[in-house]
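In what follows, a structure is listed as structure tokens, so that the remarks can point back to it.
There are 2 protein chains.
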Amino acid sequence: MSVSVKDVAARAGVSVGTVSNVMNRPEKVSPAVAERVHEAINALGFVRNDAARQLRAGHSKSIGLIVLDVRNPFFTDLARGAEDEAALAGLSVILGNSDEKADREASYLDLFEQQRMHGVLISPFGDVTARLRRLHDRGIPAVLVDRTSADTSYSSVSVDDVAGGGLAVEHLIDIGRRAIAFVGGPEEIRQVADRLEGARRVVAEHPEVSLEFIRTRALSVIEGREAGNDILAREPAGRPDAIFAANDLIAMGVLQALNMQGALHVPRDIALIGYDDIDFASASVVPLSSIRQQSALIGKTAVQILIEEADDPTRAPRQVVFHPELIVRASTAGE
Amino acid sequence: MSVSVKDVAARAGVSVGTVSNVMNRPEKVSPAVAERVHEAINALGFVRNDAARQLRAGHSKSIGLIVLDVRNPFFTDLARGAEDEAALAGLSVILGNSDEKADREASYLDLFEQQRMHGVLISPFGDVTARLRRLHDRGIPAVLVDRTSADTSYSSVSVDDVAGGGLAVEHLIDIGRRAIAFVGGPEEIRQVADRLEGARRVVAEHPEVSLEFIRTRALSVIEGREAGNDILAREPAGRPDAIFAANDLIAMGVLQALNMQGALHVPRDIALIGYDDIDFASASVVPLSSIRQQSALIGKTAVQILIEEADDPTRAPRQVVFHPELIVRASTAGE
DNA sequence: GTCCGAGAATGAATCGTTCCAAACTTGTGG
DNA sequence: CCACAAGTTTGGAACGATTCATTCTCGGAC
């Protein structure tokens, strides 16, 4: 049925300990023996039983990653960065999609605890502090991603959305716009609140610039289109000359509305900038300027911190904050 | 450090065997004892070590799922269906994203083999027959999803793309269109070829209808827009009166081009139907008709088959093919 | 009062790998 | 020729949950 080290050892004429050494500390074993063992492994098609290895080691060689939404490119890029970094340390990443549901999030945490993961990266939805504490007591470190922890007892890696909001608005001002509208919502979403806050701060430094807040019920294309239609319905004098959308989906909706039957021209009549820099952003009718987050770098950094904490559980938690980047495309081009 | 059944047993004043019974065959144990054991479990914060359980059982309680692209809603919905079905059997699903890369696919298969997964669902990219054979020999069944297996030694669950192509074109004919264009490519992609084939078959039954094939280099928005611009540049008489796009991204690109400055009206001048029914489809400027696949049902069914095969490895492989569904929206509305 | 059997609880064996102290081998210097 | 060190290899204990043959307990039948 199942080929074990014992079978490999028998065929190679060595002890099981030696087979283990060949796989885990090759430098301890003579080349001739190593060769024989490898031959036996291939001939028998031996594949190590991870459960046994884990049982002995006390914890697994996998890192659990729980994200809010696998469909969001931000998280898939983050996951990719995490995987690549984990691979360097011989670890693999198991991806869990909480889909912004507390019960799904909890069941992944249960699973990861049962599996004695090497560590857990989580973009939390519900209140997970109690659970993370349990994991920590069990020797499983956790790092929060895309969210700063309220208490600083866990490490976190996030992006400065306030700075991102500032970047977007500074750019709009740079190209000469003065009447800016922020479209997005609800403000309960931290990212929305922070981006708006960043926009407000920059506007406060420029007395000649005004900022209007157009609230949406969600961050979707349809909501963006409704907001765009509202703007279109106004007197020309009452329209903003630039729009900062809380994310690219909103921006795309706004663009569709403004562009309908060529009513208004982007960027001539109204400049438009989004947030997240999703693939669709560069593929829309008018390629969209946006704010890009270094998603892969976040994942990579989070894994680095996780590995450090796993090696030395007494290490003090760290909060890393990255700064987003402005991507200029046609929707805010020229004057 | 780590709380084991032994600790629980000591606190509850019973043997380890009884603790195991409480967790795995509660009917074998008296209520009074069960109560004491549960109290001890909670008090000590005991969580079963999955590695030990697995080692004993010979295989894990997880199903591995390898998809071509986690960002594709088709696969996330499929994964959701699989998870829900697996949960009913007390299994969990581990998601791996091959991202259409053979090396990533291979490393997930390695991982799943090391972990002695309960079974593997895979939407294959490279040639995985040799590897699946190995898994099978080791007692790990595999089910192919979204692809019929060339040889019938593995079960598979897929969608009939030929039928889907037929559905789309029948609908266009039903609303009175006669000059149909299929936009998509490259034909090497099985889905593209099948959808085109389905379209051809239906057209062959209607002598009054013509089918034109407009090839694209990829299934992206940009390629779709280029195709749309080409059509727009033609003499009005040379334009089709209906377009069947190989997927929704292509359709969105086509729509953007046709709609630019209100040049052509969809569906009055040209009717348009896509494929996949992605979220964006209903959110585009003109809500898009599309062909929907029962993604969740595919995942659910694949898990059912997998569990059956895991229970009885001698079971003959089955090929299940689902039929897609027509979703009518504004882009093909009325006459 | 004894015997029987059903139900409940026990505990030793088991899974496959890793670790490590001990045993073995080889080569070198005295 | 022996002692010794360095380099290799060995074999058994350990990890923690599950299983199952065995033992125990208790109530009822005779």
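So the sequence lines, in the order shown, correspond to chains D and Y. Taking this note's numbering, the leading residue of the first sequence gets 1114, the next gets one more, and so forth. Taking this note's numbering, the leading residue of the second sequence gets 1114, the next gets one more, and so forth. Using N, Cα and C, we set each Cβ at its ideal position, and we do this for glycine too. Here the structure is a predicted model, which means the values were calculated and not measured.
Subject >> Neighbourhood of GLN1228(D) by C-beta, 6 Å cutoff - its chain only, sequence neighbours within 5 removed >> reply: Counting only residues of its own chain and dropping the five nearest sequence neighbours on each side, GLN1228(D) has a CB closer than 6 Å to the CB of SER1173.
Original post:
Hey, ARG1405(Y) and ILE1383(Y) are a contact pair by Cβ (cut 8 Å); roughly how many whole angstroms apart?
Top reply: Between the beta-carbon of ARG1405(Y) and that of ILE1383(Y) there is about 22 Å, and that puts the pair past the 8 Å contact cut.
Original post:
For SER1205(D), which residues of its own chain have a beta-carbon under 8 Å away from its beta-carbon, when the five flanking residues on both sides are left out?
Top reply: Cβ within range, chain order: LYS1174, SER1175, ILE1176, GLU1196, ALA1199.
Original post:
Which bits of chain D does ARG1251(Y) rub up against, with CB to CB less than 9 Å?
Top reply: Ordered by position in chain D, the residues that pass the 9 Å Cβ test against ARG1251(Y) are MET1114, SER1115, VAL1116, GLY1158, VAL1160.
**OP:** Pick out whichever of ILE1302(Y), PHE1295(Y), VAL1379(Y), VAL1282(Y) has its Cα sitting closest to the Cα of GLU1318(Y).
**Re:** Closest option to GLU1318(Y), judged by alpha-carbon separation, among ILE1302(Y), PHE1295(Y), VAL1379(Y), VAL1282(Y): VAL1282(Y).
Original post:
According to DSSP, what are the bridge partners of ARG1328(D)?
Top reply: Beta-bridge analysis with DSSP links ARG1328(D) to GLY1297(D).
Subject >> Inter-residue CB distance, ARG1314(D) and GLY1279(D) (contact presumed, cutoff 8 Å) >> reply: Right, the Cβ-Cβ distance comes to about 6 Å (below 8 Å), so this counts as a contact.
Original post:
Comparing the C-beta of ALA1446(D) with each C-beta of chain Y, is any distance below 8 Å?
Top reply: It does not; no Cβ of chain Y falls within 8 Å.
Subject >> Where PHE1188(D) falls: helix, strand or coil (DSSP) >> reply: Helix.
**OP:** Report yes or no: do three or more beta-carbon pairs, one from the stretch 1254 to 1269 of chain Y and one from the stretch 1284 to 1298 of chain Y, lie closer than 8 Å?
**Re:** In short, these stretches do not touch, since the Cβ pair count stays below three.
**OP:** Report back the beta-carbon spacing between SER1268(Y) and GLN1432(Y) to the nearest angstrom; my notes put them in contact at under 8 Å.
**Re:** That belief holds up - the Cβ atoms of SER1268(Y) and GLN1432(Y) are roughly 7 Å apart, short of 8 Å.
Original post:
On the premise that GLU1336(D) lies in contact with GLY1366(D), defined as a C-beta separation below 8 Å, what is that separation, rounded to the nearest angstrom?
Top reply: With 8 Å as the limit, GLY1366(D) and GLU1336(D) qualify as a contact, their Cβ atoms being about 6 Å apart.
Subject >> Integer Cβ distance of VAL1305(Y) from ILE1327(Y), believed to fall under 8 Å >> reply: Actually they do not touch by this definition, with Cβ atoms about 12 Å apart.
**OP:** Could you list the residues in the stretch 1205 to 1232 of chain D with a C-beta less than 9 Å from some C-beta on chain Y, going in chain order?
**Re:** Within the stretch 1205 to 1232 of chain D, the residues whose Cβ lies closer than 9 Å to some Cβ of chain Y are SER1205, ILE1207, LEU1208, GLY1209, ASN1210, ASP1212, ARG1217, SER1220, TYR1221, ASP1223, LEU1224, GLU1226, GLN1227, GLN1228, ARG1229, listed in chain order.
Subject >> Among LEU1168(D), ALA1170(D), ARG1338(D), GLY1126(D), the one whose alpha carbon lies nearest that of LEU1152(D) >> reply: According to the sequence displayed, residue 1152(D) carries Glu and not Leu. Closest by alpha carbon: GLY1126(D).
Subject >> Spatial distance of GLN1369(Y) from ASN1342(D) (CA atoms) >> reply: Distance between the alpha carbons of GLN1369(Y) and ASN1342(D): 18 Å.
Original post:
What is the C-beta distance between ALA1255(D) and GLY1232(D), in whole angstroms, given that I count them as a contact (C-beta under 8 Å)?
Top reply: Contact flag correct, Cβ pair sits at about 7 Å.
**OP:** Please determine if the stretch 1147 to 1164 of chain D and the stretch 1215 to 1226 of chain D are in contact, where contact requires at least 3 C-beta pairs separated by less than 8 Å.
**Re:** Touching, no.
Subject >> Cβ shell of ILE1420(Y) (< 7 Å), same chain only, five flanking positions each side left out >> reply: By the criterion of a C-beta distance shorter than 7 Å, ILE1420(Y) is surrounded in its chain by ALA1202, once the five residues flanking it on both sides are discounted.
Original post:
Within this structure, are the beta carbons of ILE1391(D) and SER1444(D) separated by less than 8 Å?
Top reply: Cβ atoms of ILE1391(D) and SER1444(D): not closer than 8 Å.
Original post:
Expressed to the nearest angstrom, what Euclidean distance is found between the alpha-carbon atoms of GLY1194(Y) and PHE1187(Y)?
Top reply: Cα to Cα, GLY1194(Y) sits roughly 11 Å from PHE1187(Y).
Subject >> Rounded straight-line distance, which links the Cα of ASP1190(Y) to that of GLY1375(Y) >> reply: When rounded, the distance between both Cα atoms is 35 Å.
Original post:
Using 8 Å as the limit for Cβ to Cβ distance, is ALA1164(Y) near chain D?
Top reply: Closer than 8 Å: yes.
**OP:** Mind listing the chain D neighbours of ILE1335(Y)? Cutoff is C-beta to C-beta under 8 Å, in chain order.
**Re:** Counting only Cβ-Cβ distances below 8 Å, ILE1335(Y) has contacts in chain D at ALA1396, in chain order.
Original post:
Between THR1242(D) and the rest of its own chain, which residues show a CB-CB distance below 6 Å, the 5 nearest in sequence each way excluded?
Top reply: Sequence-distant Cβ neighbours of THR1242(D) in its own chain, meaning closer than 6 Å and more than five residues away, do not exist here.
Original post:
Can you tell me where the beta strand (DSSP E) with GLU1348(D) in it begins and where it stops?
Top reply: That residue, GLU1348(D), is in no beta strand (DSSP E); it is neither H nor E in DSSP.
**OP:** Name, please, each residue of chain D whose Cβ falls closer than 7 Å to the Cβ of VAL1183(Y).
**Re:** Neighbourhood of VAL1183(Y) in chain D, by CB distance below 7 Å: VAL1183, THR1189, in chain order.
**OP:** Could you give the DSSP three-state label for LEU1168(D): helix, strand or coil?
**Re:** Three-state result, LEU1168(D): helix.
Original post:
Which runs of the beta strand (DSSP E) spanning at least 3 residues fall entirely within the stretch 1210 to 1264 of chain Y, listed in chain order?
Top reply: 1232 to 1235, 1255 to 1258, all fully within the stretch 1210 to 1264 of chain Y.
Original post:
Under 8 Å Cβ-Cβ, which residues of chain Y neighbour ARG1246(D)?
Top reply: Neighbours of ARG1246(D) in chain Y, taken as residues whose beta carbon is under 8 Å from its own, are absent, since the nearest beta carbon is some 10 Å off.
Subject >> CB contact check: LEU1324(Y) to chain D, cutoff 8 Å >> reply: LEU1324(Y) has a beta carbon lying at 8 Å or more from every beta carbon in chain D.
Original post:
Is there at least one Cβ from chain D nearer than 8 Å to GLN1406(Y)'s Cβ?
Top reply: Chain D contact via Cβ: absent.
Subject >> Any chain Y beta carbon closer than 8 Å to PRO1380(D) >> reply: At a cut-off of 8 Å between beta carbons, PRO1380(D) makes no contact with chain Y.
Original post:
By how many angstroms is the C-alpha of ALA1359(Y) removed from the C-alpha of GLU1321(Y)?
Top reply: Going by the C-alpha atoms only, they are around 23 Å apart.
Original post:
Considering VAL1135(Y), what are the terminal residues of the alpha helix (DSSP H) in which it resides?
Top reply: Element bounds for VAL1135(Y): 1129 to 1137.
Subject >> Inter-residue spacing [alpha-carbon to alpha-carbon] between ASP1182(Y) and ASN1185(D) >> reply: So the two alpha carbons sit approximately 12 Å from each other.
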